[in-house]
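2 protein chains.
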Amino acid sequence: MCQLLGLNCKNPTDATFSFSGFAQRAGVTDHHADGWGIAFFEGSEQDRGLRHFIDHLPASTSPVAELIRKYPIKSRNVISHIRKATQGVVALENCHPFVRELWGRYWVFAHNGNLENYEPRLHGNFKPVGHTDSEQAFCWLMQEMAKSHASVPSVDELTLTLKELVPQIAKHGTFNFLLSNGQALWAHASTNLCYIERKHPFAKATLSDQDMSINFAEHASPDDRVAVVVTAPLTTNEVWTPFAPGELKVFVDGQLRA
Amino acid sequence: MCQLLGLNCKNPTDATFSFSGFAQRAGVTDHHADGWGIAFFEGSEQDRGLRHFIDHLPASTSPVAELIRKYPIKSRNVISHIRKATQGVVALENCHPFVRELWGRYWVFAHNGNLENYEPRLHGNFKPVGHTDSEQAFCWLMQEMAKSHASVPSVDELTLTLKELVPQIAKHGTFNFLLSNGQALWAHASTNLCYIERKHPFAKATLSDQDMSINFAEHASPDDRVAVVVTAPLTTNEVWTPFAPGELKVFVDGQLRA
Numbered sequence: 016m017c018q019l020l021g022l023n024c025k026n027p028t029d030a031t032f033s034f035s036g037f038a039q040r041a042g043v044t045d046h047h048a049d050g051w052g053i054a055f056f057e058g059s060e061q062d063r064g065l066r067h068f069i070d071h072l073p074a075s076t077s078p079v080a081e082l083i084r085k086y087p088i089k090s091r092n093v094i095s096h097i098r099k100a101t102q103g104v105v106a107l108e109n110c111h112p113f114v115r116e117l118w119g120r121y122w123v124f125a126h127n128g129n130l131e132n133y134e135p136r137l138h139g140n141f142k143p144v145g146h147t148d149s150e151q152a153f154c155w156l157m158q159e160m161a162k163s164h165a166s167v168p169s170v171d172e173l174t175l176t177l178k179e180l181v182p183q184i185a186k187h188g189t190f191n192f193l194l195s196n197g198q199a200l201w202a203h204a205s206t207n208l209c210y211i212e213r214k215h216p217f218a219k220a221t222l223s224d225q226d227m228s229i230n231f232a233e234h235a236s237p238d239d240r241v242a243v244v245v246t247a248p249l250t251t252n253e254v255w256t257p258f259a260p261g262e263l264k265v266f267v268d269g270q271l272r273a
Numbered sequence: 016m017c018q019l020l021g022l023n024c025k026n027p028t029d030a031t032f033s034f035s036g037f038a039q040r041a042g043v044t045d046h047h048a049d050g051w052g053i054a055f056f057e058g059s060e061q062d063r064g065l066r067h068f069i070d071h072l073p074a075s076t077s078p079v080a081e082l083i084r085k086y087p088i089k090s091r092n093v094i095s096h097i098r099k100a101t102q103g104v105v106a107l108e109n110c111h112p113f114v115r116e117l118w119g120r121y122w123v124f125a126h127n128g129n130l131e132n133y134e135p136r137l138h139g140n141f142k143p144v145g146h147t148d149s150e151q152a153f154c155w156l157m158q159e160m161a162k163s164h165a166s167v168p169s170v171d172e173l174t175l176t177l178k179e180l181v182p183q184i185a186k187h188g189t190f191n192f193l194l195s196n197g198q199a200l201w202a203h204a205s206t207n208l209c210y211i212e213r214k215h216p217f218a219k220a221t222l223s224d225q226d227m228s229i230n231f232a233e234h235a236s237p238d239d240r241v242a243v244v245v246t247a248p249l250t251t252n253e254v255w256t257p258f259a260p261g262e263l264k265v266f267v268d269g270q271l272r273a
C-alpha cells in the first residue's frame with residue numbers, strides 16, 4: 016500500500032509544510048520507501064503548466080525531495096505519492112503520479128491500493144509505460160474519458176463521468192486515488208482517505224510525523240482557502256473528515272464542491 | 016532562438032559536466048533566460064522511466080538547475096533546452112522539453128528555431144498544452160508517427176518515417192530539434208547543431224562557458240561511449256562536427272548510426 020497527498024487551493028500555495036510531514040512516512044515514521052513523486056500545476060494561463068518530480072529513492076532521503084522541501088513552488092493543485100510496492104518493481108517507470116495529456120491539458124493521477132486480476136482492455140491512445148495496476152487503471156480512465164467528451168468538460172460534467180467509470184475499476188480491489196487537471200482535484204476512497212479545509216480564521220497546525228508546527232494565521236491571507244486530502248491525517252490538532260467507502264469528492268478553489 | 020543539448024550514451028552517464036556549461040548560456044554567457052528544461056530516461060527495463068524537470072526561471076539561477084548540477088542522475092538519453100522566447104510567453108507550459116506517451120513509451124522533444132505561419136492540422140490524439148510553434152510541431156510528429164506504425168518501430172524504421180515527416184515541418188522555418196524515446200537520440204538541423212563522440216582513449220575537456228575542465232580518462236571506463244549533440248560547441252579543445260542543413264542523424268549506444 017502507498018500513501019497519497021493532494022492539495023487544492025484558491026490561491027497558489029506552497030506545499031512545503033504538508034510535504035515535509037508526508038515525506039517522513041517514506042521510511043522514517045512509516046515504511047513507504049519504494050519511490051515517490053509529486054506534481055504541481057502552475058502556469059501563466061489557467062494553471063496549464065506542470066512540474067513533475069519522481070524519484071525511486073525514499074522521499075525521506077531523496078535529493079529531489081530535499082529540493083521540494085526547500086523550494087516553495089506555489090500551486091493551486093498538487094498531487095504527491097509515496098510508494099510501497101505491491102505490483103511492479105521499484106523503478107522510475109512505476110513511480111506515481113503518472114501524467115498524460117488529453118484535450119490539450121495535462122492530467123495527473125496517483126493511486127493507493129491494489130487491484131487484483133485487473134486487465135482492462137486498452138484499445139485507445141493511452142498505454143502504460145511501467146508495470147503497475149495503477150497506471151493501467153489511469154490509462155483506462157483516460158481512454159474512457161476521451162470517449163465520453165470531445166473536449167475538456169466542465170468539472171461537474173467530468174465528475175458525473177467519473178462516477179460511472181470509477182466503480183468499474185473499484186470492484187477489482189482497493190482504489191483510493193487522486194486526479195487533477197489543474198482545474199480541480201478529484202479524490203476517491205475505497206478505504207483510507209480524509210480531508211480538511213483550511214480557511215480564515217487560520218490557526219496553528221502541528222504535524223503528526225515530524226516535530227514541526229506552523230501558525231497559518233501568520234502566513235495566510237484572509238482570502239486564502241486550502242483543501243488537503245491525505246491517506247491518514249497529517250496533523251494532530253485539526254479535525255480531519257474521513258471519506259466514506261466508495262465516495263468520490265471534488266475540490267475546487269480550496270473547498271469541497273457540493 | 017533557444018539552445019539544445021542532447022546526450023546519448025552506451026552506459027548510464029551523468030550529464031553534470033555538460034549541463035554546467037550549457038546552463039551558463041541562460042543569462043551568463045548568453046541570453047537564453049526564458050526558462051529551461053531537462054529530461055533523463057532511466058528505469059529498470061530498457062530505460063522506460065523518465066525524469067522531467069522544467070523551470071520558468073533562468074537555468075543559471077534556478078534552484079532546480081542547481082539540483083541537476085549537484086545530483087548526478089545517470090542516464091543513457093538526456094535532452095535539455097534553454098529558452099529564448101520567440102512564440103508563447105515565458106511560462107511553465109511553454110518550457111521544453113515536451114513529453115508525450117505513445118505505444119507505452121515516453122517521447123521527449125525539444126526545438127530550437129522558429130516556424131512561421133505554422134498551423135498543422137491536429138486531428139489526432141496529441142494536442143498542445145502551451146502556445147509554442149514547437150509543441151505544435153511535436154504534436155503533429157507524434158500524430159503522424161502514430162499513423163505510420165502500430166507499435167514502437169525499430170530505430171531504423173522510425174528514422175525512415177522521420178525523414179519523410181520532418182521536411183514537411185522544416186519548410187516552415189528553422190527546425191533544429193532533438194527527440195528521444197530512451198532507445199535512441201534523433202537530431203535534426205536546419206541551421207545550428209554539432210556533435211562529438213567521446214570514447215576510449217578519453218581525454219581532458221575544457222568548457223567554453225565556464226572555467227571548468229574534466230579529465231574523462233579519470234572518470235570513464237574503456238567501455239564507455241558518449242555522443243553529445245549541442246547548438247554550439249560546449250568545449251574549446253575538442254573537435255565538434257557540424258550538421259549539414261536538413262540533416263537528420265540518429266545516435267544509439269553513444270555513437271552515430273550509419
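First to last, the protein sequences are chains A and B. Quick note: the first sequence uses our numbering, first residue 16, plus one each step. Quick note: the second sequence uses our numbering, first residue 16, plus one each step. Note that the Cβ used here is the ideal one computed from N, Cα and C, for glycine as well.
| query | Where does T76(A) sit, in a helix, a strand or coil, going by DSSP? | reply | In the displayed model, T76(A) falls within coil according to three-state DSSP, outside both helix and strand.
| query | What in chain B is Cβ-close to E134(A), meaning under 8 angstroms? | reply | Within 8 angstroms of the CB of E134(A), no CB atom of chain B is found; the nearest one sits about 15 angstroms away.
| Nearest candidate by alpha-carbon position, reference W122(A), set S77(A), K264(A) and I94(A) | Closest by alpha carbon: I94(A).
| query | So, using beta-carbon positions, are T256(A) and S223(A) closer together than 9 angstroms? | reply | Taking 9 angstroms as the cut-off, the beta carbon of T256(A) is found no closer than this to the beta carbon of S223(A).
| request: Assuming W51(A) and A74(A) form a contact by the criterion Cβ under 8 angstroms, report the distance between their Cβ atoms to the nearest whole angstrom. | output: Rounded to the nearest angstrom, the Cβ distance from W51(A) to A74(A) is 4 angstroms, consistent with a contact under 8 angstroms.
| task | Tell me, please, whether the CB atom of W155(A) is closer than 9 angstroms to any CB atom in chain B? | result | At a cut-off of 9 angstroms between beta carbons, W155(A) makes no contact with chain B.
| Proximal residues of chain B, C-beta to C-beta of G119(A) below 7 angstroms | The answer, in chain order, is K142, P143 and V144.
| query | If you scan the segment 216–255 of chain B from start to end, which runs of the alpha helix (DSSP H) of 4 or more residues do you find wholly inside it? | reply | As far as the segment 216–255 of chain B is concerned, its whole alpha helix (DSSP H) runs of at least 4 residues are 231–234.
| task | Provide the residue span of the beta strand (DSSP E) that contains V170(A), from first to last. | result | For V170(A), there is no enclosing beta strand (DSSP E); the enclosing alpha helix (DSSP H) covers residues V170 to A185.
| task | Report the partner residues of Y133(A) according to the DSSP bridge assignment. | result | For Y133(A), DSSP assigns no beta-bridge partner whatsoever.
| field | According to DSSP, residues forming a beta bridge with E212(B) | value | BP columns for E212(B) point to A242(B).
| request: Taking E57(A) as the query, report the chain B residues whose CB atoms sit under 9 angstroms from its CB, ordered along the chain. | output: Within 9 angstroms Cβ-Cβ: H71, A106, L107 and E108.
| Can you name, in chain order, every residue of its own chain whose Cβ lies under 6 angstroms from the Cβ of A125(B), other than the five neighbours on each side? | Here the set comprises L19, I94, H96, H111, P112 and L193.
| field | Environment of A185(B) [buried if 16+ CB atoms lie within 10 Å] | value | Buried, since its Cβ has 16 or more Cβ neighbours within 10 Å.
| task | Could you tell me the boundaries of the beta strand (DSSP E) in which W118(A) lies? | result | It is not in any beta strand (DSSP E) - W118(A) carries neither H nor E in the DSSP assignment.
| message | Give me the residue from E81(A), W201(A), H146(A) and E253(A) with the minimum Cα distance to L130(A). | response | Closest by alpha carbon: H146(A).
| In whole angstroms, what separates the C-alpha of L200(B) from that of H234(A)? | Using only the alpha carbons, I get a separation of about 46 angstroms.
| message | Check whether chain A comes within 9 angstroms of K89(B), counting only Cβ atoms and requiring the distance to be less than that. | response | Chain A, which has no Cβ nearer than 9 angstroms to the Cβ of K89(B), makes this no.
| task | Could you tell me if the beta carbon of E172(A) falls within a distance shorter than 8 angstroms of some heavy atom in the ligand ADP? | result | For the ligand ADP, the structure offers nothing, since it holds no ligand at all.
| said: Buried or exposed, going by whether 16 or more other CB atoms sit within 10 Å of the CB of Q14(A)? | reply: Because chain A here runs from 16 to 273, residue 14(A) falls outside it and cannot be looked at.
| message | Looking at the secondary structure, which residues open and close the beta strand (DSSP E) in which E57(B) lies? | response | The continuous stretches of beta strand (DSSP E) do not include E57(B), and DSSP gives it neither H nor E.
| request: For the segment 22–39 of chain A and the segment 66–86 of chain A, state whether three or more C-beta atom pairs, one from each stretch, are separated by less than 8 angstroms. | output: With a cut-off of 8 angstroms, the segment 66–86 of chain A and the segment 22–39 of chain A count as touching, because enough Cβ pairs lie within range.
| query | Using a C-beta to C-beta distance shorter than 9 angstroms, which residues of chain A count as neighbours of G64(B)? | reply | Result: I69, H71, A106, L107, E108, N109, C110, V144 and G145.
| query | Going by beta carbon distance, what residues of the same chain come within less than 6 angstroms of T174(B), once the five residues before and after it are set aside? | reply | Beyond the five residues adjoining it in sequence on each side, T174(B) comes within less than 6 angstroms, by CB distance, of V265 in the same chain, given in chain order.
| Partner residues on chain B for Y86(A), Cβ-Cβ distance less than 8 angstroms | Those are P78 and V79, listed as they occur along chain B.
| message | Under DSSP, the beta strand (DSSP E) around L156(A) begins and ends at which residues? | response | L156(A): not part of any beta strand (DSSP E); member of the alpha helix (DSSP H) spanning D148 to S163, first to last residue.
| message | Given this structure, state the Cα-to-Cα distance separating V104(A) from V144(A), to the nearest angstrom. | response | Note on geometry: alpha-carbon atoms of V104(A) and V144(A) lie some 13 angstroms from one another.
| request: Give a yes or no on whether the minimum CB-CB distance between A161(A) and chain B is below 9 angstroms. | output: Yes, contact with chain B.
| request: In angstroms with no decimal places, state the Cα-to-Cα distance between N140(B) and V170(A). | output: Cα to Cα, N140(B) sits roughly 21 angstroms from V170(A).
| field | Rounded distance between the beta-carbons of R240(B) and E262(B), thought under 8 angstroms | value | Incorrect: roughly 21 angstroms between the Cβ atoms, too far for contact.
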